[in-house]
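Worksheet for the structure shown next.
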Amino acid sequence: GASPDAPADHETRETMQFAPDRKSAEGRWFWGDYKEFGFNVKLTRASAEPTVAAIWPYALKSGSKGATLKLIGDAFPASLKPSDIDLGKGVTVSKVVSASPTEAVLMVDVAADAAVGAHDVGLGGSVLAAGLPVYKKVDYLKVTPETAIARLGGSEKHTPGYQQFDAIGYDTGIDGKPYTTDDVALGPIDVTWSMQEMPTVYYDDDVNYVGKLSQTALFTPAIDGPNPERKWGRNNYGEVWVVATAKAEKDALGRPLTAKSFMVVTVPAYKRWDQPEVAK
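For reference, each letter of the sequence shown is one residue, going 390 to 669 in our numbering.
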């Protein structure tokens, strides 16, 4: 079984804000001793009308023919037709493969000149705003979070402060320039993960001591306390780059796209200013 400080062993908590009409709520579900795990949540009250909550896959490439797209939601009509669904200019539904009240599987064609950007997804009176990104190619990557803090741990009193990373692909959008407001986020990209030394101190070799990074981008910090293998027996803290290298996507010179995040691995939070009775 999992050890007492494994990520899945922590109690889940939530912080939600409800709309005045009580038809929806948004917030975050999270867990971990340092609240480092979690995801953003949007809840929509079920009704007699169709509701589109999400799609899969996250994005479609221009020029795609016969692409599979899933709509996930509630109260979808049993007699769903291609004409019932609006995916924006240049994106057409050629066939409804299957439909149930909570899921519709579609066959979709994307025109070569379809507008690059986040298209609304419409079904009946329900609209998933900016729910379907359409792109020409993956122009660059970002590793999120772009800066991160993890905490050493492993003792009974000081559990580890993990860190989870993602590599997100981007299309540069209509202006063709990276890091501008019209860039289109395309969701996670298949990459390999590694760590590189951040040379703030010569020959300290932080990358060898701070912890391990898995190929699912979960960083597990090393145990806290003096390490006799390090110079001066110092603790396992340090600073490193977390690097994502794309498996398929290339730049203009044919090199794999890469991106990195700066991570500080520091000591446990020995003192916490918290009121558990308020946080629960």
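Glycine included, C-beta positions come from ideal geometry on N, C-alpha and C.
Asked	Found
Just grab the DSSP bridge partners of T433 for me.	S413
Using a Cβ-Cβ cut-off of 6 Å (strictly less than) and excluding sequence neighbours within five positions of K601, which residues of its own chain qualify?	T609
Using three-state DSSP, classify G390 as helix, strand or coil.	Residue confidence for G390 is low, a pLDDT of 32 falling below 50, so the modelled location carries little weight and cannot support an answer.
Ignore the nearest five residues each way along the sequence and tell me which others in K412's own chain have a CB closer than 6 Å to its CB.	R434
Give the straight-line distance between the Cα atoms of S650 and A556, rounded to the nearest whole angstrom.	10 Å
Going by CA-CA distance only, name the one from P409, E403 and Y598 that's closest to F419.	E403
Please state the DSSP three-state secondary structure of P577.	strand
With burial defined as no fewer than 16 other Cβ atoms inside 10 Å of the residue's Cβ, what is the status of D502: buried or exposed?	exposed
Which of the three DSSP states is assigned to V527 in this structure?	coil
Do you know how far the Cα of P534 is from the Cα of P645?	21 Å
For K531, is the classification buried or exposed, using 16 other Cβ atoms within 10 angstroms of its Cβ as the cut-off for buried?	buried
Look at Y598 and G627 and say whether their C-beta atoms are less than 8 Å apart.	yes
Just checking my contact of N625 with L541 at CB under 8 Å: how many whole Å lie between their CB atoms?	6 Å
Quick check: the Cα distance between T516 and L476, rounded to an integer number of angstroms?	Reading off the sequence shown, one finds Val at residue 516, where the question assumed Thr. When rounded, the distance between both Cα atoms is 10 Å.
Look up H547 in the DSSP assignment and give the residues it is bridged to.	DSSP output for H547 lists no bridge partner at all.
DSSP puts S468 in a beta bridge; with which residues?	In DSSP, S468 forms no bridge with anything.
Ignore the nearest five residues each way along the sequence and tell me which others in L469's own chain have a CB closer than 7 Å to its CB.	V485, A488 and A493
What's the gap between the Cα of G550 and the Cα of G452?	44 Å
Here's the rule: buried if 16 or more other CB atoms are within 10 angstroms of the residue's CB, otherwise exposed. What is V590?	exposed
Quick check on V486: does DSSP put it in helix, strand or coil?	strand
V654 by DSSP, collapsed to three states: which one?	strand
Should E425 go down as buried or exposed, given a rule of 16 or more other Cβ atoms within 10 Å for buried?	buried
Near Q553, what residues of its chain come up, given a Cβ to Cβ distance below 6 Å and the 5 sequence neighbours on each side ignored?	L607
Expressed to the nearest angstrom, what Euclidean distance is found between the alpha-carbon atoms of D594 and A539?	17 Å
Give every residue of the same chain whose Cβ lies closer than 8 Å to the Cβ of T655, excluding the five residues on either side of it in the sequence, and list them in chain order.	I538, A539, R540, L541 and Y626
CB D498 to CB T481, shorter than 8 Å?	yes
Cα separation between T605 and M584?	13 Å
Report all residues from its chain with a CB closer than 8 Å to the CB of G576; omit the five preceding and five following residues, and keep chain order.	P446, Y447, A448, P522, I557 and G558
For E638, count neighbouring Cβ atoms within 10 angstroms of its own Cβ and tell me buried if that reaches 16, exposed if not.	buried
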